[in-house]
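Here the structure is laid out as structure tokens; the discussion comes afterwards.
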Ligand SMILES: Nc1ncnc2c1ncn2[C@@H]1O[C@H](COP(=O)(O)OP(=O)(O)OP(=O)(O)O)[C@@H](O)[C@H]1O
Ligand SMILES: [Mg+2]
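Protein chains in written order, with the numbering used here: chain A, 1 to 352; chain B, 1001 to 1290.
In structure tokens form, the structure reads like this:
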């Protein structure tokens, strides 16, 4: 019911820049994921939207209103804190009920709503306990329930699933996705987890050093990275980045290993990006290039082969039935439709 | 020597010191409280009269009840005022509060003064001839200029309370700042985002989490207020009349000035009762499980 607009938002502590001149339009009802390495300013951005941190400069708009001078309580946002922020002296029930109580919800309405929120995060049997008597993952779910117990203008969720076990994380992910579609509330969601980002987001903003590197749908971010950082950050395993040059329509690694034909003019310095998925694994001699296996990993769903091209290593993804051993030689071929080139100096993408 | 024996040998000196300076005088005063106990009457320190001193205090001595009353009101007022003011100051001075830094250092000053010194300096400040307050009121509120503060029973009592509150605020403030600092900041932020106003955050989040520290502060201050002596002694010496005569002062007067050491001992033992109660509460809060 509200869009969130950040205009040239900066946060500095002395000389240190936490968030740097960031502009971002988060559409009404959109699920926006902030993705980036630790310390890149995700939490700081959230806290500024919530009103817990005062921006050094820039504007924050929620809906039709500039909220820079509004207190957190007047911004009508609900937040899941990275470190939960549960009230230790209250029971889980009272924790979840607090935003309702303090906003004057009629008593009769509170209990059913708290119970519903608790059920959504599978916490029903813990309502009488204090936070101290819960595990980390359970506490995190209390924080989540406290946010979803009411319908605010904006949800701010700071790594709300980071402490859950793998199975519960998948369940909660689906629950959150369902909930955000059902409630149609603008959501800003911080995560380190790429799968979470990819599955939940309408759009992903990839951040580094307080600057948004790329903003786009999960597809765009994954298939059309704007620069080296995004290419190397998104995907698991991350995209292989091979330094080399282009001569006569051929990509050669730094040590002169001829890798793959590529439709580009000659360049003396270039980085080739290729995802593990786009390297096909063959028997020795059957691909474009033979290479020895440095390490072989089998995850059950797939096999990952780390191979050596000159002194650079890349990861290829093989069939899940493939069995190889260290130092075996395999043949590899690159999928020519999914190769990316980057300028190593500007780190920008070179469009083919 | 076995470790087992050694550990007793090692604590023995401390035990002996405590016995000589605390336990033995305590037992001796209990014994004295059951004697006629006149310093000026030889042999009376061994002349046992049972509980007569106690019944005397209860039924024959209105000045005892006067001191009970004075001590009670004094304790209630000083504990209440000091705690409230210290809490307010702590909120302003705590991390994230509105004041800070230099002010904190300044704050500790009154606490560095001995209570007797506080008593003396307040007596001077309220001196009708050349006192600071006298001069101050002379300018601000001329009708109050000629009031002789320490000569009026109610005003003298008020000055005693004021001096005590002034002297104790720093310590309580520092303890409460410590208490406030240990409240996780994110619980306060969470409440703000949840929609709580400043007052509700204080009432629902800060105060309950500060509870145990606050309890300890109130109990400690009650103990200190109950036993106040030196400040009163220097400031009003219990007067005018007996208007500011607290129990400790009453005990001192009866014991040292009138030489009724047996009677004084019995009143001292009557004071032990609320003290033990407070100490028990204190221990309960300080050594609380988890
Ligand atoms: N109060 C502060 N004073 C100084 N620097 C701060 C302060 N708060 C945060 N920072 C710095 O700002 C940067 C961004 O912090 P932020 O908490 O936003 O990172 P983040 O992206 O949320 O990281 P993570 O993924 O580890 O949670 C960090 O380098 C941090 O050290
Ligand atoms: Mg963070």
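Beta carbons are placed, not taken as given, at the ideal position from N, Cα and C, and that holds for glycine.
Along chain A, which residues have their Cβ under 7 Å away from the Cβ of residue 1195 of chain B?
73, 99, 102, 103
With C-beta atoms as the reference, is residue 100 of chain A less than 8 Å away from residue 47 of chain A?
no
Can you give the beta carbon distance from residue 43 of chain A to residue 11 of chain A, rounded, assuming they're within the 8 Å contact cut?
So it is not a contact: roughly 11 Å between Cβ atoms.
Residues with a Cβ closer than 7 Å to any heavy atom of ligand 2, in chain order?
A:42, A:43, A:82, A:158, A:159, A:190
If contact means a Cβ-Cβ distance below 7 Å, which residues of the region 1204-1223 of chain B contact chain E?
Going by chain labels, chain E is absent from the structure shown, which instead holds the protein chains A and B.
When DSSP labels each residue in this structure, what does residue 247 of chain A get in the three-state scheme?
strand
At a cut-off of 7 Å, is residue 39 of chain A close to ligand 1 when judged by its beta-carbon and the heavy atoms of the ligand?
yes
Considering only residues of the region 60-147 of chain A, which uninterrupted alpha helix (DSSP H) runs meet the minimum length of 4 residues and lie entirely inside it, listed in chain order?
92-102, 107-120
Option in A:146, A:92, A:165 with minimal Cα separation from residue 130 of chain A:
A:92
Between residue 254 of chain A and residue 267 of chain A, which are expected to be in contact by the criterion C-beta below 8 Å, what is the C-beta distance as a whole number of angstroms?
In fact, because the Cβ distance is near 13 Å, the residues do not count as touching under 8 Å.
Compute the distance between the beta-carbons of residue 1233 of chain B and residue 1131 of chain B, then report whether it is under 8 Å.
no
Chain A beta carbons: is any one of them nearer than 8 Å to that of residue 1288 of chain B?
no
Reduced DSSP category for residue 313 of chain A - H, G, I as helix; E, B as strand; rest coil:
strand
Please report whether the beta-carbon of residue 50 of chain A lies at a distance below 8 Å from any beta-carbon of chain B.
yes
Is the region 1032-1050 of chain B touching the region 1217-1224 of chain B in the sense that three or more CB pairs, one from each, lie closer than 8 Å?
no
Evaluate residue 66 of chain A with the Cβ neighbour count: other Cβ atoms within 10 Å of its Cβ, from every protein chain shown; 16 or more gives buried, anything less gives exposed.
exposed
Continuous alpha helix (DSSP H) assignments of at least 4 residues falling wholly in the region 1194-1244 of chain B
1207-1226, 1230-1235
Could you check what DSSP says for residue 1255 of chain B in three-state terms: helix, strand or coil?
helix
Measuring straight from C-alpha to C-alpha, what distance separates residue 1282 of chain B and residue 1216 of chain B?
6 Å
So, helix, strand or coil for residue 339 of chain A, using DSSP?
coil
Have a look at A:25, A:323, A:38 and flag the residue whose alpha-carbon is nearest the alpha-carbon of residue 64 of chain A.
A:25
Does ligand 1 have even one heavy atom less than 7 Å from the beta-carbon of residue 18 of chain A?
yes
What does residue 55 of chain A pair with, by DSSP beta-bridge criteria?
Beta-bridge pairing links residue 55 of chain A to no other residue.
Beta carbon of residue 203 of chain A nearer than 8 Å to that of residue 30 of chain A
yes
Does any CB atom of chain A fall closer than 8 Å to the CB of residue 1190 of chain B?
yes
List, in chain order, every chain B residue whose beta-carbon is nearer than 7 Å to that of residue 189 of chain A.
The contacting residues do not exist; residue 189 of chain A stays about 16 Å from chain B at best.
9 Å Cβ cut-off: residues of chain B touching residue 55 of chain A
Ordered by position in chain B, no residue passes the 9 Å Cβ test against residue 55 of chain A, which lies about 16 Å from the chain.
Length-filtered (4 minimum) alpha helix (DSSP H) runs lying within the region 1074-1162 of chain B
1102-1107, 1109-1112, 1115-1125, 1132-1140
Measuring CA to CA, which of A:123, A:22, A:180, A:209 is closest to residue 201 of chain A?
A:180
Name the DSSP bridge partner or partners of residue 1062 of chain B?
Per DSSP, none; premise fails for residue 1062 of chain B.
According to the neighbour-count rule (16 or more other Cβ atoms, all chains shown, within 10 Å of its Cβ), is residue 1178 of chain B buried or exposed?
exposed
So, for residue 136 of chain A: in the same chain, excluding its five sequence neighbours on each side, which residues have a beta-carbon less than 7 Å away from its beta-carbon?
163
By Cβ distance, which residues of its chain are closer than 6 Å to residue 1014 of chain B, with the 5 residues on each side in sequence left out?
none
For residue 293 of chain A, which of helix, strand or coil comes out of DSSP?
strand
Would you kindly report the start and end of the unbroken beta strand (DSSP E) that includes residue 1281 of chain B?
Careful: residue 1281 of chain B lies outside any beta strand (DSSP E), inside the alpha helix (DSSP H) at 1261-1286.
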